[in-house]
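Chains as they are written, first to last, in my numbering: chain A, 1 to 405; chain B, 406 to 677. Ideal placement from N, C-alpha and C gives every residue a C-beta, glycine not left out.
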């Protein structure tokens, strides 16, 4: 593992799509020309001010950005340490940060003349966001979702259908998010002419990790601006939950070169890191190749991918974005984990103290905030990415609490 | 000349017929049955044996080969056992080329150098690794060729004349032309488009071209054999394995025979 010092943590990936040894383009030959076409199209769009202007306009008027940076006063008092701010990305249209990336990719798909959009989804948030944008622009939308996830996320499945998307169950393998990704890739291989694959996280073959990061970086850029306006200085620490890692990367990336900002990613420890029932790819996995990139993965000694487990369907992916793997090796970002139980406790505390029902994903970030905030001085500014709202999770939570709805 | 793949294609060229390349998944449905299946393949008419290295997430494969991989994994198949199978086959057959086909992660985790050494020692002649396009040649392709193992490339309908030189730059053995846009074993290939594409690719390479993905019957094989140097049959064979299994998913007395008789049938198509 490389630990050489770098001048900037924000210049990756290189022209081969690598962050250190992570990332790359590990795809079948059929897809290679499409990946190269996408890379070029994204480069062109990035250099075109009219593309950014169109995206900004939709983010403001349709998504509802900027999202507030909110001082969580009662949580701060309760924990008795750091001054805690929430970046309120749960207030976006469709209820999570996923739409930031989807708007970017769908505008790019339109620019490329693609009429058919495919996506994978775990908890359903990315699927709902994609179905939403496709409805808005009159595009055909097919969402692949593991049949196990379809069962545990029924409200989101219905939402996608209302929005006109076709939800296709992934019946192979473990029938969860990783299998939905496999099915989406299989669809793409079979429909190369007219199809755009809208990946929901900072993973997959180059240029996806870079592109999704760029679209999500609006979270960190706004946070920087808002914190400077509120407190006159940068935050001291950032905390975000990580499945594939797109909300975290969006918050972290603009701060990577601000070396005094402590950055912490929180993976899902499920039933505990000592059990096999977790989804902590960095804390409990090792480097391998899946879904087009090299990154930390959960697998057995023979290189077979194992299933992630988490109370949160959005976190139980056995991999993580390759840039996170690199930031871990470089020790720029600290990766920790929170269990199902800790996340559930944080979920309940947030409801009671702040009047906000968070999604189970950011509840993992909050669980870590609860651990470290009390150890910090009162002038320590801590930002937690509240990346999704918890309406979709009330059934899961009710079930665990033994409440019949 | 020790390269079995080169010898085999040269020999068949003299006989003026295409090669029948058969794909089965290593360890499907269990180690012993799998060994019996491959041991009998040459006699049944297979000219080259492709052996699938099972992987949990085979993103270019259709339901039939996905299921075969999972059966093998449930049966306890590992990369070590796959190499052991090749070794056991090689003990009784010095001529038939064996090509391992699969995905990069199990090889990467095994360790590239160790894998290449063990594979060479077991008698492996070539590798087809679906998720390693030319852009990732430093990973395995270059080391494999240095170790004396052919790195066989997949060419697809999206491999246009602009991209072809990159695809054929570092490769040997033969070219595996994927005849359909899609995953294994789903769509039937359009014969005219196959012929057109095979002839187009010949402008870029002198290597033999084998055609696969979707070839299921003796008739298809016969038709494709007119323009190609080889025909790959895979999903149809692993489906024959599946259909022969007991209700509990175990191998039955019919399993080995089911595969061999289908191979014989298709071999007659290729040879006629």
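Exposure of residue i, with buried meaning 16 or more beta-carbon neighbours within 10 Å
i: residue 308 of chain A; result: buried
i: residue 381 of chain A; result: buried
i: residue 535 of chain B; result: buried
i: residue 653 of chain B; result: exposed
i: residue 459 of chain B; result: buried
i: residue 10 of chain A; result: exposed
i: residue 153 of chain A; result: buried
i: residue 394 of chain A; result: exposed
i: residue 406 of chain B; result: At residue 406 of chain B, the pLDDT of 44 sits below 50, so the modelled position is not reliable and the matter cannot be decided from this model.
i: residue 265 of chain A; result: buried
i: residue 434 of chain B; result: buried
i: residue 398 of chain A; result: exposed
i: residue 376 of chain A; result: buried
i: residue 658 of chain B; result: exposed
i: residue 47 of chain A; result: exposed
i: residue 166 of chain A; result: exposed
i: residue 618 of chain B; result: buried
i: residue 593 of chain B; result: exposed
i: residue 358 of chain A; result: buried
i: residue 126 of chain A; result: buried
i: residue 83 of chain A; result: buried
i: residue 511 of chain B; result: buried
N- and C-terminal bounds of the alpha helix (DSSP H) containing residue i
i: residue 546 of chain B; result: 546-551
i: residue 210 of chain A; result: 208-216
i: residue 688 of chain B; result: Past the edges of chain B, shown from 406 to 677, lies residue 688 of chain B, and the structure says nothing about it.
i: residue 156 of chain A; result: 154-162
i: residue 382 of chain A; result: First-last for residue 382 of chain A: 381-385, but that is the beta strand (DSSP E), not the alpha helix (DSSP H).
i: residue 356 of chain A; result: Residue 356 of chain A -> no alpha helix (DSSP H), and no H or E assigned at all.
i: residue 628 of chain B; result: 623-630
Residue span of the beta strand (DSSP E) that contains residue i, given as start and end
i: residue 615 of chain B; result: 614-617
i: residue 282 of chain A; result: Counting along the chain, residue 282 of chain A falls outside any beta strand (DSSP E), though it belongs to the alpha helix (DSSP H) covering 281-284.
i: residue 141 of chain A; result: 140-146
i: residue 594 of chain B; result: Segment: none, residue 594 of chain B is in no beta strand (DSSP E) and carries neither H nor E.
i: residue 582 of chain B; result: 580-583
i: residue 242 of chain A; result: 237-242
i: residue 505 of chain B; result: 503-507
i: residue 293 of chain A; result: 292-297
Nearest-angstrom Cα separation, counted from residue j out to residue i
i: residue 532 of chain B; j: residue 660 of chain B; result: 26 Å
i: residue 641 of chain B; j: residue 616 of chain B; result: 14 Å
i: residue 472 of chain B; j: residue 298 of chain A; result: 21 Å
i: residue 414 of chain B; j: residue 122 of chain A; result: 47 Å
i: residue 142 of chain A; j: residue 161 of chain A; result: 10 Å
i: residue 71 of chain A; j: residue 164 of chain A; result: 38 Å
i: residue 199 of chain A; j: residue 76 of chain A; result: 36 Å
i: residue 293 of chain A; j: residue 319 of chain A; result: 10 Å
i: residue 373 of chain A; j: residue 379 of chain A; result: 11 Å
i: residue 495 of chain B; j: residue 528 of chain B; result: 6 Å
i: residue 655 of chain B; j: residue 468 of chain B; result: 19 Å
i: residue 36 of chain A; j: residue 557 of chain B; result: 22 Å
i: residue 371 of chain A; j: residue 263 of chain A; result: 15 Å
i: residue 2 of chain A; j: residue 332 of chain A; result: Below a pLDDT of 50, predicted positions are generally treated as unreliable, and residue 2 of chain A, at 48, falls in that range; no measurement from the model is reported.
i: residue 124 of chain A; j: residue 78 of chain A; result: 33 Å
i: residue 272 of chain A; j: residue 241 of chain A; result: 16 Å
Margin query: Counting only Cβ-Cβ distances shorter than 9 Å, please list the residues of the region 462-486 of chain B near chain A, keeping chain order.
Written below: 462, 463, 464, 465, 466, 467, 468, 471, 472, 475, 478, 482, 483, 484 and 485
Notebook entry, point to check: When the Cβ atoms of the region 578-588 of chain B are set against those of the region 181-190 of chain A, are three or more pairs found closer than 8 Å?
Noted result: yes
Notebook entry, point to check: In the region 629-659 of chain B, which residues sit with their C-beta less than 7 Å from some C-beta in chain A, listed in chain order?
Noted result: none
Next item on the list: Scan the region 21-46 of chain A for residues whose Cβ lies nearer than 7 Å to a Cβ of chain B and list them as they occur along the chain.
Entry: Under the 7 Å Cβ criterion, the region 21-46 of chain A contributes 24, 25, 26, 27, 28, 29, 30, 32 and 33.
Notebook entry, point to check: Taking one C-beta from the region 595-605 of chain B and one from the region 629-648 of chain B each time, how about it: are there three or more such pairs within less than 8 Å?
Noted result: yes
Check: Using a Cβ cut-off of 7 Å, which residues of the region 529-542 of chain B contact any Cβ in chain A, in chain order?
Finding: Contacts with chain A (Cβ-Cβ distance below 7 Å) from the region 529-542 of chain B involve 535, 536, 537, 538, 540 and 541, listed in chain order.
Next item on the list: Could you say if the region 387-395 of chain A and the region 468-480 of chain B meet the contact criterion of at least three C-beta pairs nearer than 8 Å?
Entry: no
Next item on the list: Kindly confirm or deny that the region 211-219 of chain A and the region 165-181 of chain A touch, where touching means at least three C-beta pairs closer than 8 Å.
Entry: no
Note to self: Against chain A, which members of the region 487-519 of chain B pass a CB distance test of less than 7 Å?
What the structure shows: 509, 510, 511, 513, 514 and 515
Item checked: Touch test, the region 96-104 of chain A against the region 241-251 of chain A, Cβ-Cβ under 8 Å, three pairs minimum -> yes
Checklist line | Contact the region 266-274 of chain A vs the region 363-370 of chain A: 3+ CB pairs below 8 Å | finding: yes
Next item on the list: May I ask you to verify whether the region 448-455 of chain B touches the region 503-511 of chain B, counting CB pairs closer than 8 Å and requiring at least 3?
Entry: yes
Margin query: Beta carbons nearer than 8 Å to chain A: which residues of the region 558-584 of chain B have them?
Written below: 558, 559, 560, 561, 562, 563, 564, 565, 568, 572 and 583
Notebook entry, point to check: Given 8 Å as the limit, is there contact between the region 320-331 of chain A and the region 225-241 of chain A, that is, 3 or more CB pairs closer than that?
Noted result: no
Item checked: Contact list for the region 165-184 of chain A against chain B, Cβ threshold 7 Å -> 172, 173, 178 and 182
Next item on the list: Would you check if there are 3 or more beta carbon pairs closer than 8 Å linking the region 420-427 of chain B to the region 281-290 of chain A?
Entry: no
Next item on the list: Compile a chain-ordered list of the residues in the region 266-295 of chain A whose CB is closer than 9 Å to at least one CB of chain B.
Entry: For the region 266-295 of chain A, the beta-carbon criterion of a distance under 9 Å to any beta-carbon of chain B is satisfied by 286, 287, 288, 289, 290, 291, 292 and 294.
Item checked: Interface residues of the region 585-598 of chain B facing chain C [CB-CB below 7 Å] -> Within the model displayed, chain C is absent; protein chains A and B are what it includes.
Next item on the list: Closer than 7 Å, Cβ to Cβ, to anything on chain B: give me those residues from the region 305-318 of chain A, in chain order.
Entry: 305
Notebook entry, point to check: In chain order, what residues of the region 249-260 of chain A put their CB closer than 8 Å to some CB of chain B?
Noted result: none
Notebook entry, point to check: Below 8 Å, can you find three or more Cβ-Cβ pairs linking the region 54-67 of chain A to the region 79-97 of chain A?
Noted result: yes
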